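Counting from 73, one number per residue, gives the positions in the sequence shown under the working numbering. All C-beta atoms, glycine included, are put in the ideal place defined by N, C-alpha and C. Remember, it's a predicted structure, so these values are computed and weren't measured experimentally. Below is one structure; the comments refer to it alone.
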Amino acid sequence: MIGEDNRIRAYPQILAKIADKTGSLPYVSHDIIASFNSKFDFFLPGDASIGPTQDDLVATITHEFVHGLGFASFWRPWMANTVTPLITHAEDVFPKTVTIRETIFDAFFARMADGQRLSNFTDALQVAIEGTTYNSQAELDNAITAAAANIKLPTTVDFVTPKAIGFWPKGAQDAILIETSFPEFRNGSTGSHVDKETYQNTENWLMIFDNIPGKTYQQIISDNGATGIVGSGIRAMLESIGHATSQNPTPFIPTPTNELPPLTVTSSRKSKRRQRRRLQ
73 MIGEDNRIRA
83 YPQILAKIAD
93 KTGSLPYVSH
103 DIIASFNSKF
113 DFFLPGDASI
123 GPTQDDLVAT
133 ITHEFVHGLG
143 FASFWRPWMA
153 NTVTPLITHA
163 EDVFPKTVTI
173 RETIFDAFFA
183 RMADGQRLSN
193 FTDALQVAIE
203 GTTYNSQAEL
213 DNAITAAAAN
223 IKLPTTVDFV
233 TPKAIGFWPK
243 GAQDAILIET
253 SFPEFRNGST
263 GSHVDKETYQ
273 NTENWLMIFD
283 NIPGKTYQQI
293 ISDNGATGIV
303 GSGIRAMLES
313 IGHATSQNPT
323 PFIPTPTNEL
333 PPLTVTSSRK
343 SKRRQRRRLQ
């Protein structure tokens with residue numbers, strides 16, 4: 073869909089439905105689809121006490137629900153040495169053209185070193201790559217490598233450098249650090265969570281990549297001095313991508329476009345659960 077800055081990005085299906093007044097976009101039956109490993113010993117509401125290795129199921133479900141609301145990045149390795157936004161194309165079909173797209177979540181990413189928005193690099197990649205017909209995989213790979221070098225794309229390093237990328241919520245003076253601490257890009261964790269080291273003991277603990285075993289979500293909230301399971305920083309991130317709250321009752325509504333088909337994104341933590349959220 074087309075956002076405030078007139079860029080086309082992928083949005084979660086739940087926001088696409090709000091914007092699509094005519095119902096013209098293609099949808100799947102559910103906005104969020106999650107599966108949980110029944111063999112894992114989760115702590116359930118009503119259980120007497122949580123064990124030292126148990127994860128709180130309510131916290132786990134809420135974490136995945138927030139992902140389903142659009143807390144997800146499309147930046148990922150294209151090849152071993154190039155981290156780009158999602159490059160969409162028909163697999164193994166040549167000749168072909170490609171498109172390069174971010175999610176609305178990515179729209180708020182910027183480098184901590186110099187404040188450059190990652191969307192500016194996406195724009196440059198689109199100019200360099202889109203509109204050309206590629207006759208082979210090697211030709212496409214070479215074009216992406218050359219374009220990344222030409223624009224001095226920093227993301228391949230930034231996404232594996234701790235505290236290198238931040239999410240700037242609308243109207244905020246400070247960024248919320250994104251998880252970039254792994255020495256190699258970890259799909260499903262890198263880019264789509266907040267920095268664990270910074271936030272695991274704060275009100276924004278919910279969206280670190282890892283579980284917090286041995287504590288109920290109520291205990292974690294109390295320990296961190298929070299007022300609820302979703303911290304103010306996480307709420308500000310969701311408000312920024314377009315969700316209405318009592319503090320943000322009239323968010324910007326994007327313009328629907330059929331330019332992108334529905335996309336499915338997957339994530340998991342410790343392989344205990346896997347969730348899909350529809351992005352358009």
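>> Judging by CA-CA distance, which residue of Pro84, Leu116 and Asn109 is the nearest neighbour of Asp103?
In response: Nearest C-alpha to Asp103: Pro84.
>> From the DSSP secondary-structure annotation, give me the bridge partner or partners of Tyr206.
In response: Lys168
> Span of the beta strand (DSSP E) holding Met279?
Replying inline: Taken as a continuous stretch (DSSP letters only), Met279 belongs to no beta strand (DSSP E), as it is neither H nor E.
>> Would Ala182 and Gly238 be called neighbours here (beta carbons separated by less than 8 Å)?
In response: yes
> Taking all protein chains shown into account, do 16 or more other C-beta atoms lie within 10 angstroms of the C-beta of Leu116, making it buried, or fewer, making it exposed?
Replying inline: exposed
> Taking the alpha-carbon positions, what's the Gly260 to Leu141 distance?
Replying inline: One C-alpha to the other measures close to 15 Å.
> With distances taken between CB atoms, is the gap from Val232 to Thr217 smaller than 8 Å?
Replying inline: no
>> Let me check understanding here. Comparing Cα to Cα, which of His135, Ser312, Asn330 and Val138 lies closest to Pro241?
In response: Distance from the Cα of Pro241 is smallest, within the candidate group His135, Ser312, Asn330 and Val138, for Ser312.
>> Is there a Cβ of chain B sitting closer than 8 Å to that of Asn78, yes or no?
In response: As a matter of chain content, chain B is missing from the structure shown, which is built from one protein chain.
>> Using a Cβ-Cβ cutoff of less than 6 Å, which residues in the same chain neighbour Glu275 once the five nearest sequence positions on both sides are dropped?
In response: Asn296, Ala298 and Gly303
> Applying the criterion that 16 or more other CB atoms from any shown protein chain within 10 Å of the CB defines a buried residue, is Val357 buried or exposed?
Replying inline: There is no way to answer for residue 357, as the model of the chain reaches only from 73 to 352.
> Among Leu97, Trp147 and Thr132, which one has its Cα closest to the Cα of Ser191?
Replying inline: Trp147
> With 16 other CB atoms within 10 Å as the buried threshold, where does Gly203 fall?
Replying inline: exposed
>> Which complete beta strand (DSSP E) runs does the region 97 to 175 hold, if anything under 3 residues is left out?
In response: 104 to 108, 148 to 151, 154 to 156, 158 to 160 and 171 to 173
>> Quick check: the Cα distance between Arg346 and Gly286, rounded to an integer number of angstroms?
In response: Unreliable placement is indicated for Arg346, whose pLDDT of 47 sits below 50; the coordinate value is still reported in the next sentence. Computed Cα separation, rounded: 21 Å.
> Which residue comes first and which comes last in the beta strand (DSSP E) that contains Arg307?
Replying inline: Arg307 -> not in any beta strand (DSSP E); alpha helix (DSSP H) instead, spanning Ser304 to Ile313.
>> Considering only the alpha carbon of each residue, which of Val100, Ile122 and Ser101 lies closest to Thr288?
In response: Ile122
> Just the Cα atoms here: how many angstroms apart are Thr169 and Gln209?
Replying inline: 11 Å
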